[in-house]
Amino acid sequence: MARVLVLLAVLAAASAWEPAKAPPCSKIMEMIVPCIPYLIDKAAHPGPKCCSGVRDLRKATKTHDDLVAICKCLERAAHLFPGIDYPRADNLPHLCGVRFNLTFSPSVDCKK
């Protein structure tokens, strides 16, 4: 009987486990909104909330599919925020102390 209970517990745990997925685009947008003042040249440096969002975004990138999903969301976001300084955007991970190779641009090829 104990073996059956252990087996059922293992099966229940295995069926409940799903690999982590990239956050939905709405969550990604929440992560980058604090960076907008820096990205549109209204702030000299990214703030702590911005860098926290960049770190969270990096942590959410576990697989190539995650990176593609995040890239597509950022591509859409680039169209929503006019006046973004894209070289600043590309330097943002470095300024926040994050190793993250992702281009923030309205014309990025997310499949690469």
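Residues -16 to -1, 1 to 96 (mature numbering (1 follows the signal peptide of the UniProt record, and there is no 0)) are what the sequence shown spells out, left to right. In this text, a Cβ means the ideal position worked out from N, Cα and C, and glycines have one as well. Since this is a predicted model, take the numbers as computed values, not measurements.
| Check | Outcome |
| --- | --- |
| If you follow the alpha helix (DSSP H) that Asp40 is in, where does it begin and where does it stop? | 32 to 43 |
| Starting from Ile20, trace the alpha helix (DSSP H) both ways and give me its first and last residue. | 20 to 23 |
| Can you tell me whether DSSP reads His78 as helix, strand or coil? | helix |
| Would you call the segment 56 to 68 in contact with the segment 86 to 94, where contact means no fewer than 3 C-beta pairs closer than 8 Å? | yes |
| Based on Cα-Cα distance, which residue from Gly37, Ala62, Lys33 lies nearest to Pro7? | Gly37 |
| On a Cα-Cα basis, can you pick out the residue from Lys11, Arg42, Ala28, Leu41 that is closest to Arg72? | Ala28 |
| If you reduce the DSSP assignment to three classes, tell me which class Ala73 lands in. | helix |
| How far does the alpha helix (DSSP H) with Val52 in it extend, from its first residue to its last? | 48 to 64 |
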